[in-house]
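Working notes for the structure below.
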Amino acid sequence: MTSLPAQTFNLGNRGLVREGFAADLVIFDENTISDRATFEQPHQYPTGISHVIVNGQTVFANGEMTQARPGAALRGRGTRDL
381 MTSLPAQTFN LGNRGLVREG FAADLVIFDE NTISDRATFE QPHQYPTGIS HVIVNGQTVF
441 ANGEMTQARP GAALRGRGTR DL
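Going letter by letter, the sequence shown gives residues 381 to 462 in the working numbering.
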């Protein structure tokens, strides 16, 4: 699900759960995941996601954002700013 996009955009150590790779994970329940955002209220968290982990740090847990901000914009080799 994530390794092909990571390879396509040359994102190095991302896209797989493997020792030495960045730990970017979304823990979700496939039976309850659902988008709640609308045009009127676009900033609604989806249901069914319990945790989001970026670079090994939990940034979202049990419906709440944490104070961790380990993320950064990733640009693969050969990409350019628009």
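The beta carbon of each residue, even a glycine, is placed where N, CA and C say it ideally should be.
Buried versus exposed, by CB contacts within 10 Å (16 or more), residue i
| i | result |
| --- | --- |
| LEU391 | buried |
| GLY451 | exposed |
| GLY400 | exposed |
| LEU462 | Any reading at LEU462 must be qualified, since the residue scores a pLDDT of 49, below 50, and its modelled position is unreliable; the value itself is stated next. By the 10 Å Cβ count, LEU462 comes out exposed. |
| ALA386 | buried |
| GLY395 | buried |
| GLY443 | exposed |
DSSP bridge partner residues for residue i (one or two, in chain order)
| i | result |
| --- | --- |
| HIS431 | ILE407, ALA441 |
| SER383 | Bridge partners of SER383: none, in fact. |
Anticipated Cβ contact below 8 Å, residue i with residue j, distance rounded
| i | j | result |
| --- | --- | --- |
| VAL439 | ALA453 | Actually they are not in contact, since the Cβ atoms of VAL439 and ALA453 sit about 15 Å apart, beyond 8 Å. |
Touching or not, the segment 393 to 408 and the segment 431 to 442, by the rule of three or more beta carbon pairs under 8 Å? With three or more CB-CB distances shorter than 8 Å, the segment 393 to 408 counts as touching the segment 431 to 442.
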